[in-house]
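Using the numbering used here, the first residue of the sequence shown is number 621, and each one after it goes up by one.
Beneath this line is the structure, given in structure tokens, with notes to follow.
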Amino acid sequence: MMFWRSVVVKLWFTILLFFSFVLSVLTILLLQFFENFHVLEAEKDLMQTANKVTYLVDEYGDSPHDDRDLLVRLIEQVKDPLNRIIILNNQNQYWVSSSEDETLPAFETEWIYRDQGLYEVINSQATFKQKMELPGTNREVLMVGRPLNGQNGAVFVYQSLDIVEETTSQTTKLILLAAGIAIVLTTFFAFFLSSRITSPLIKMKKAARELAKGEFHTRVPVLTHDEIGELAVTFNRMGRQLKYHIQALNQEKEQLSSILRSMADGVITLNRNGEILLSNPPADRFLHTFNYEKGTRSGDENQQKIPDDIRRILDQVISAEQEVTREINLQGRDFVMIMSPLYDKSFVRGAVAVIRDMTEERQLDKLRKDFIANVSHELRTPISMLQGYSEAIVDDIAETKEEKNELAKIIYDESLRIGRLVNELLDLARMEAGHIELNLEHVEIKPYVNRVVKKFSQLSQDKNISLKTDYHLSESHGHFDPDRIEQVLTNLIDNAIRHTDEHGIVEVTVRSSASRLHVSVRDSGTGIPEEDLPFVFERFYKADKSRKRNEGRKGTGLGLAIAKNIVEAHDGTIQVHSKLNEGTTFEFFLPINIK
């Protein structure tokens, strides 16, 4: 099938078929012409012979016997050796010549008188030319007849048609040989012409395939100055223009892709069928979170169609041809989706959705609103106590020295608490402003961690909590600020003990490799609600929402925020994993060698 699809074959076959048809018609006409021509020529020769014989009969027919012998000899010399001649004076007086064609039978005079056409030559003085079959034989002959001048007789000359047919056969062979040679030459010429014509087209086909693969530097050689040459020039010009436009499109696409990748908001372009045409990384993360929230399998986030909930928003946009805004809550985060229709002239061909994560903004708004309330709440209790106990001293409510000393001790503790809160706020503000200073040292890890953990041994024993350490150290030393990291460890271990019930477990695990130090603090305590996990490192976050002031769980709510800033100042990361009523794990990672 591929053979017949070739332009060369089609053009070659068309030329060959056309020429073969013309040559076949011409051959048939030539064969017919030469067949008639040979018959006519044979008739002409026979008639000339008959005329000569008639003339000789007129001259010597009435002569003596010797002249008759001369007449016979002259007739034998005039006639063709393969012919037979009949000179008929009447039915009983006639003469038949001999012939070298032994297969040619002698003519019987009875045949002449029985055949109407032959008899009319004698009777009506008309000539006769005709192909006929000799009576009583299967031999066809060509016979001519001519009446004798002034006599009741005629001259008949005939010869076998095999001679004419043999001549015609020889001519036919020559014509067929010439036709065969012509067809062979035509085949070669047609194939050569087809190849010459289609060779540039084949090169253009290969060049077009290269263009389809993106090889825009491909050029077609211009070998002629005819239409095909002009086609090659136009093809090369098209390749250059295509390369220019493709490069321009790629630049626009890369520019658009860079803009979309650099955007903090997610962008999704959709068609009317809900298929995703374009999306950026924030949008991909949103879809991943959406699929996870809705219970879709993890492999389905790469699907080309949007989820059904978003599809309903798309249908509303297409039907109403208006912008639609929706708020979506996923995994404790707040998203706002603004979907607008995309038009192809007056037809809505799809929509573009802009997805903004409003979690941090709303959390900042909440933090701004809660900051004053939190600070006021944290300061109100100690200030109230300072005010109340100082009034008791001023009003001499405390009569004994021991009572006054007790009140003064409470006032002192609360003032320390206020100072600690103010100092932590100042430290946190400096850290968030990037003014933290680190005193980096090479520290032996295991003794360092043991010393920090040992400070909580008495507290853990008092609460009947098992405090454990576990080490997996490939590097025995780390490079960090020991005071700041001790502050982080102290906060994490203290929180773990305070939020773990009696007979619980607190485990400190330390791992080190050639690149980083990994420290985790795991407890079996009450855990942190899932909705609070994104905010545990914010200022004034407290797991105890009731704000009870028991001794076991009191705190300022600034410790984890400070710990996060200290770890990040060391180019590290800190994270939390927790399940309600199962426990919490805080872990942070530090590079072994901080630059």
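Beta carbons: idealized from backbone N, C-alpha and C, even for Gly.
Output the distance between the C-alpha atoms of residue i and residue j, rounded to the nearest integer angstrom.
i     : j     : result
I1186 : L1137 : 15 Å
D904  : G886  : 8 Å
H837  : S819  : 20 Å
T788  : N769  : 35 Å
S718  : F654  : 29 Å
S1135 : I888  : 39 Å
R977  : P1154 : A small correction: the amino acid at residue 977 is Asp; Arg does not occupy that position in the sequence shown. Going from the Cα of D977 to the Cα of P1154 covers about 14 Å.
D1143 : A1189 : 26 Å
H1123 : A1116 : 13 Å
H658  : A810  : 35 Å
E1106 : E1158 : 20 Å
I803  : V645  : 13 Å
E663  : V673  : 15 Å
Q1007 : R1000 : 10 Å
D1114 : I1038 : 20 Å
V642  : K793  : 18 Å
Q871  : L851  : 30 Å
L1087 : N1201 : 19 Å
Q951  : H908  : 11 Å
A1181 : V1156 : 8 Å
E722  : F639  : 45 Å
K986  : E1023 : 43 Å
Short check: CB of residue i to CB of residue j, under 9 Å?
i     : j     : result
A774  : I732  : yes
N893  : K925  : yes
V1014 : K1066 : no
N671  : N772  : no
G1179 : N1111 : yes
I1148 : S1198 : yes
N856  : L880  : no
F1206 : T1193 : no
V761  : L781  : yes
L694  : Y680  : yes
I938  : F910  : no
N703  : V777  : yes
I1030 : Y1009 : yes
W632  : T854  : no
L805  : I635  : no
Here's the rule: buried if 16 or more other CB atoms are within 10 angstroms of the residue's CB, otherwise exposed. What is residue i?
i     : result
N922  : The predicted model places N922 with a pLDDT of 45, which falls under 50 and marks its position as unreliable, so this point remains unresolved.
L1109 : buried
R816  : exposed
F955  : buried
Q779  : buried
Y963  : exposed
H1119 : buried
S1080 : buried
P701  : exposed
K630  : exposed
A1183 : buried
F906  : buried
Y1032 : exposed
Roughly how far, in whole angstroms, is the beta-carbon of residue i from the beta-carbon of residue j, given that I think they are within contact range, below 8 Å?
i     : j     : result
N1059 : D1101 : 5 Å
L1093 : S1132 : 5 Å
A971  : L890  : 5 Å
H1099 : N1213 : 5 Å
I795  : L651  : 6 Å
M959  : A973  : 4 Å
R946  : T979  : Not confirmed; about 16 Å, so no contact.
V741  : P767  : 6 Å
Could you have a look at residue i and say whether DSSP puts it in helix, strand or coil?
i     : result
T634  : helix
S966  : coil
K699  : coil
T1193 : strand
M957  : strand
S1198 : strand
V1015 : Correcting the residue identity first, residue 1015 is Asp in this sequence and not Val. Here D1015 sits in coil by DSSP.
T838  : coil
A1134 : coil
V1156 : coil
A971  : strand
H1216 : A query on residue 1216 cannot be resolved here, the shown segment of the chain reaching from 621 to 1215 and no further.
P767  : strand
L691  : helix
H1097 : strand
A799  : helix
A774  : strand
Taking only beta-carbon atoms, is residue i less than 9 Å away from chain B?
i    : result
I707 : This model lacks chain B altogether; it includes just one protein chain.
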